[in-house]
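> Take this structure first; my questions come after.
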Amino acid sequence: MAETRNGISQPENTETESTSLLALETAPYTPSARPTSGRSYSTPDNLESINNIGRRARSSTVSSVVSTSVELVTGHFDKKKFSYLLAISLSIYLAFVAAFAPRTSLARDFRRWHNSRFTTSEVYRIYLDTVQEDSFIHNHIKQYTNSESRIESFNYTIQELRRWGLEPKFETYYPWVTIPEKTAVELLNNGTYIYNASLTEDYAISDFDKTNKKVFRNGYHAYSPNAEVRNSYVYCNYGTLEDYKVLLDNNIQIEGKTHILRDGIVSTGVKVKNAELYGASSVLVYNDPSDDGFVTKANGFESYPNGPARNPSSIKRDSVEYIFEFPGDPTTPNFPSKNRELERLSPAGKIPRIPSVPISVKDVRPLLLKLNGKGIKVSAGGDVEGFDYSSGPSDENIEVNIINTQAQSVTEIHDIIVEIPGIFSNGDIIIASRRDSWVSPGGAANPSSGSAILLEIARGLGNLKSKGWKPLRTIKLISWEGEGYGRIGSTEYMEDYAASLKKNALVYIDLDTAVSGSEFHCTSNKLLEDAIIKAAKSTNYKGNEEWTLYDEWKSYSSEGQDSFCEDATPSIFQSHLGITSASLQFRNNKKTDAIYHPNSLFDSHEWMEKLVDPSSKLHTTLASFSGLLTLMLAEKELHFFTIHPYMKQVYKKMVELNKETTKIFPHDGELRHLSETVQALIGLITSHDSILFDVNTEKIYKDCFIDMPIWFGFKKLALFMSLEKMNKKLRNFDKLFLTQSGLFDREWMKHTLLAPNKYDGITGVILPGLQEALVEMDRQRVYNELTILQEQFQNVRKLLH
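Dropping the structure here:
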């Protein structure tokens, strides 16, 4: 035995440390004998030794236990059972989590994934509250109508958009235009000047405007060629093809003479084109008060500014470009005028070759009185005092001398664009209005009312955006410039971004001449009919919570719901790119409204404030409605289109044209069979395919709002795929009717279902190619148009299934 410093004896042949410590821990405790005298203290060496022994004991004990446990578990471990146990535990946990997880719909998921803070109904409410509680309409119109230059209105628009937290950008284009320098109309008798028309309006001009030599006060027609023409003249009513046929059938000499035409029925460009076709040397266009409806001086109303009737000195300035064939810069068809040095084409064929001048009824009266009793009566009459509406021509010694001088120039214009990016990358909603005015001061209805409403919409959307809102689809607000001359700003922009617009743009909403009276009108592609009606039902009319815009609309519509959305006068977006379009306006009702003087100094802020919309309630109503419609289109998960009303409209027109085909070509069996085949195909789509498709789209849309538990993830994914597929079909539907070659003789118009009417330049026409071929009795063209339609509607059937 060995003896330690403490007198404790240990075996000389020591075992391993772990065994010794284990024996030490399990040995019975025997207290040490107390010292016989004094206190006993452990020395530092003793304490360290004891502590080391304790630490070794604890460490060895844990190691021993772990080693023993691992050996036991390893001996009895079943990996397969353990995997099952782990899987079952995980499944129970996930089931527990899923059972208590909130149920969500696909519609809510869209917004949650993109951190959207508002429901759709909240978005609508916030927008309407913003627009209706405070109105800046009055200030906007006052500012626009009193702008001294295009730059001033441009800067004001930019300033207001930034004021509402939006980020406007602009595109610059350089179109070729004509700038008026001199217009004159003089009456001669045997070569002696007996009358000189003023060609100005009796309007109180400010001192600034009187001294501003840059402002051209006379009436003029944009793109009218330079010339001085002197000859006899003839009255040709509205200048329609039917009017000219009546004159020729009655052997009235019209060739080589100045044609005096009254405004209306057909556009100014069509009037001058028809006159040129029938041999006119020049044209004068005036506004006859009888076309104003009931509110006329003949019916006892005072003329503006003393009353609501037409001021007899008013002049309608206008463009004579053939917008119904080739809108935009006539020297750069199909490509944008992005710089001044651009190589340009001749405008020949897109503008007239004979001069024309607009004239007031006051100034034209002395000329018309010289025609009394000569020729035939070409109309039911009018309100030109003392004129019997005889055609003439004037005596050979009575002549009119017309002077038109305009400078040709490349000018700079700016389109202003605000983009509010959406969650989805396609399906853009565009809402726009023109900013350029024919007169200064002036332009309250056109363009200021539309521009003011566009700024109010921007204010409402800006407020939403400031609260963290993001639309499902991108919204674009655009202020065009150069529209009066020939839709230049919008056409150049569209040609500049044609590929992007064709791919991404869903709807185009136009606000031109937004308020010129009290009667609501909507010219729209029928795809939008349901969306427009729903928005109208949700819009208070002039702030009346008990009466909606839909109620007001319905009150003066005697033909039922089908007449609510009138046949569209297709926008260039519709006709060229197949982008579904609508135009929203309050127009003169021809019964009680003050007369609108288009493109005249009498279209003033005072006229608007005094006689049309004193409290801006019509403007606010339209701002509420058009903004709400924009939000409905942008916020709906499934595109807000309905196919059946569109196909119903087309089928009705096809039935009419099929009868016309049989009438014109009664013995052509091949043509008749093809026409009947196309009619039957459209009929099948109308009565069956389109209805089923609309029902299916409605079901998918409703499914988007069904709350589903988390374990329905695959069902949600399938629903999302169906939604995307249906949206793609709806987005491409109208584009199925685009052709690369375009319509005959106006290839810029690419849509076979909707285009401007080439015979009046004002309205729209359904199935334009087929109708024009039938009018011209061209058998081969009729066959070609029917073949194209047959192929397109076969593709429609494939898309709808």
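Residue numbers for the sequence shown follow the working numbering, beginning at 507 and rising by one. Yeah, the Cβ is synthetic: ideal placement off N, Cα and C, and Gly gets one too.
(1) Give the DSSP-derived three-state secondary structure of Ala733 in the structure shown.
(2) Please report the Cβ distance between Ser1110 and Pro947, rounded to the nearest whole angstrom; I am assuming they are in contact, meaning their Cβ atoms lie under 8 Å.
(3) Using 8 Å as the threshold, is the region 825 to 844 in touch with the region 874 to 886, meaning 3 or more CB pairs across them?
(4) Report whether the distance from the Cβ of Thr1127 to the nearest heavy atom of the ligand FMN is below 7 Å.
(5) Roughly how many angstroms lie between the CA atoms of Arg614 and Phe624, to the nearest whole one?
(6) With a 10 Å radius around its C-beta and 16 neighbouring C-beta atoms as the bar for buried, classify Ser843 as buried or exposed.
(7) Among the residues of its own chain, which have a CB less than 8 Å from the CB of Phe1250, if the five just before and after it don't count?
(8) Do Thr802 and Pro795 have their beta-carbon atoms positioned less than 8 Å apart in this structure?
(9) Can you give me the C-alpha to C-alpha distance between Leu1034 and Phe1146, rounded to a whole angstrom?
(10) Given Leu528, which residues of its chain have a CB within under 6 Å of its CB, disregarding the five upstream and five downstream residues?
(11) Please go through the same chain and pick out, in chain order, the residues whose beta-carbon is closer than 6 Å to the beta-carbon of Gln1155, but skip the five residues on each side of it.
(12) Three-state secondary structure (DSSP) at Ile929?
(13) I'd like the ranges of any beta strand (DSSP E) spanning at least 3 consecutive residues and lying wholly in the region 1074 to 1118.
(14) Evaluate Ser852 with the Cβ neighbour count: other Cβ atoms within 10 Å of its Cβ, from every protein chain shown; 16 or more gives buried, anything less gives exposed.
(15) Please say whether Gly1023 and Lys976 have beta carbons closer to each other than 8 Å?
(16) Are there 16 or more other CB atoms within 10 angstroms of the CB of Met1227, so buried, or fewer, so exposed?
(17) In whole angstroms, give me the CA-to-CA distance for Gln638 and Gly966.
(18) For Val740, which of helix, strand or coil comes out of DSSP?
(19) Could you tell me which of Met1214, Cys1210, Gln912 sits nearest to Leu1229, measuring between CA atoms?
(20) What does a CB cutoff of less than 6 Å around Pro833 pick up in its chain, not counting 5 residues either side in sequence?
(21) Rounded to a whole number of angstroms, what is the C-alpha to C-alpha distance between Phe893 and Arg871?
(22) Would you call Pro1172 buried or exposed, if buried means 16 or more other Cβ atoms sit within 10 Å of its Cβ?
(23) Give a yes or no on whether the C-beta atoms belonging to Asp869 and Ala703 are separated by under 8 Å.
(24) Please determine, among Ser939, Leu1295, Phe930, the residue with the shortest C-alpha to C-alpha distance to Val924.
(25) Determine the DSSP secondary structure at Leu1306, reduced to helix, strand or coil.
(26) Per DSSP, what kind of secondary structure is Tyr547 in: helix, strand or coil?
(27) In whole angstroms, what is the alpha-carbon distance linking Asn1105 and Ser954?
(28) Please go through the same chain and pick out, in chain order, the residues whose beta-carbon is closer than 8 Å to the beta-carbon of Gly544, but skip the five residues on each side of it.
(29) Do you know whose CA, among Val776, Trp682, Gly995, lies nearest Glu849's CA?
(30) Is the beta carbon of Val740 less than 8 Å from the beta carbon of Thr774?
(31) If we call anything under 8 Å between Cβ atoms a contact, is His1125 one with Ile1015?
(32) Among the residues of its own chain, which have a CB less than 6 Å from the CB of Ile922, if the five just before and after it don't count?
(33) From Pro899 to Pro686, what distance separates their C-alpha atoms?
(34) Should Asn907 and Ser730 be called a contact, given that it needs their Cβ atoms to be closer than 8 Å?
(35) Beta-carbon within less than 6 Å of Tyr1152's beta-carbon, same chain only, minus the 5 sequence neighbours each way: which residues are those?
(36) Give every residue of the same chain whose Cβ lies closer than 8 Å to the Cβ of Gly1066, excluding the five residues on either side of it in the sequence, and list them in chain order.
In brief:
(1) Three-state result, Ala733: strand.
(2) 7 Å
(3) Touching, no, given that fewer than three Cβ pairs across the two stretches are closer than 8 Å.
(4) No copy of the ligand FMN occurs in the structure displayed, which carries no ligand at all.
(5) 10 Å
(6) buried
(7) Gly1275, Glu1278, Ala1279, Arg1287
(8) The Cβ atoms of Pro795 and Thr802 lie closer than 8 Å to each other.
(9) 7 Å
(10) Residue confidence is low: Leu528 scores 31 on pLDDT, short of 50, so the model does not pin down where it sits. Its coordinate-derived value is still stated next. For Leu528, where only same-chain residues beyond five positions count, there are no Cβ hits under 6 Å.
(11) Lys1032
(12) Residue state, collapsed to three classes: coil.
(13) 1086 to 1093
(14) Here Ser852 is exposed. Its C-beta has fewer than 16 other C-beta atoms within 10 Å.
(15) no
(16) Within 10 angstroms of the beta-carbon of Met1227 lie fewer than 16 other beta-carbons, which makes it exposed.
(17) 9 Å
(18) strand
(19) Cys1210
(20) Gly992, Arg993, Thr997, Ile1078
(21) C-alpha separation (whole angstroms): 8 Å.
(22) exposed
(23) yes
(24) Ser939
(25) helix
(26) Its pLDDT being 37, under 50, Tyr547 is placed unreliably by the model, and the measurement read from it follows with that caveat. Looking at Tyr547 - three-state DSSP - the assignment turns out to be coil, as it is neither helix nor strand.
(27) 12 Å
(28) Unreliable positioning characterises Gly544 in this predicted model, as indicated by a pLDDT of 39, which lies under 50. A coordinate reading is not provided.
(29) Trp682
(30) no
(31) no
(32) Thr663, Pro674, Phe676, Ser985
(33) Pro899 and Pro686: Cα-Cα distance of roughly 29 Å.
(34) no
(35) Lys1032, Leu1033
(36) Confidence at Gly1066 is low in this model, with a pLDDT of 46, below 50, so the placement of that residue should be treated as unreliable; the coordinate-derived value is given next. Contacts found: none.
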